[in-house]
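Notes to accompany the following structure.
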Amino acid sequence: QVFPWANELYPPMQVSGNYADQSASGFLSFTLANYNDQYPVSAMVGSFSANGKGLYDMSGNVAEWVNDYFDIRPNRREPEVDPRGPEQGSKHVIRGASWALASRTELRLSYRDSGTDGRIDLGFRIARYVDKPGGTL
Numbered sequence: 003q004v005f006p007w008a009n010e011l012y013p014p015m016q017v018s019g020n021y022a023d024q025s026a027s028g029f030l031s032f033t034l035a036n037y038n039d040q041y042p043v044s045a046m047v048g049s050f051s052a053n054g055k056g057l058y059d060m061s062g063n064v065a066e067w068v069n070d071y072f073d074i075r076p077n078r079r080e081p082e083v084d085p086r087g088p089e090q091g092s093k094h095v096i097r098g099a100s101w102a103l104a105s106r107t108e109l110r111l112s113y114r115d116s117g118t119d120g121r122i123d124l125g126f127r128i129a130r131y132v133d134k135p136g137g138t139l
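Just so we're aligned: 132 in the working numbering is position 130 of the sequence shown, and the numbers increase by one with no gaps anywhere.
Rendered as structure tokens:
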């Protein structure tokens, strides 16, 4: 699955999340055509349906500041499973789309950005690492 709503290039007409849409066209220069979630900026948590795992707002609403440091890694032959990134760095990973983003690149589930400072469309989610059975992450 490429996007939170499936593999179609743009979100379906029925509201599927809080993205840069027609309700924000008065102050954002790039918005999704033919999509209006009625929230020009962030929405209250739970304003949209949960994903298939029962989690809310995993895409759209606000992008999320992540503990991992940002690193551009060259393509590898073997994919890494849940890489944590470098031990230190100057920028943190920012993941997910927000109410201020509308390009297909930014709306992909795999989209990552980086930053050193906060933004008006950035939040965070409290999470922790959990050991898998057998004692490894």
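Built from N, CA and C at the ideal position, the CB exists for glycine as well. Computed from a predicted model, the values in this text were never measured in an experiment.
Check each candidate in GLY48, PHE32, LEU30, ILE96 and name the one with the smallest Cα separation from PHE126.
Counted from its first residue, the sequence shown places residue 126 at position 124. Closest by alpha carbon: ILE96.
Taking the straight line between their C-alpha atoms, what separation do you get for PRO13 and GLN40?
Here residue 13 refers to the residue found at position 11 when the sequence shown is read from its first residue. Here residue 40 refers to the residue found at position 38 when the sequence shown is read from its first residue. Cα to Cα, the separation comes out at about 14 Å.
When the Cα of PRO42 is compared with those of ASN77, GLY136, SER31, which residue comes out closest?
In the sequence shown, the residue the question calls residue 42 occupies position 40. Residue SER31 is the option with its Cα nearest to PRO42.
Between the Cα of GLY142 and the Cα atoms of ASP119, ARG79, GLU80, LEU111, which residue gives the shortest distance?
Only positions 3 to 139 of the chain appear in the structure, and residue 142 is not among them; the question remains open.
Span of the beta strand (DSSP E) around GLU66
Taking the sequence shown and counting its residues from 1, one reaches residue 66 at position 64. First-last of the beta strand (DSSP E) with GLU66: 65-71.
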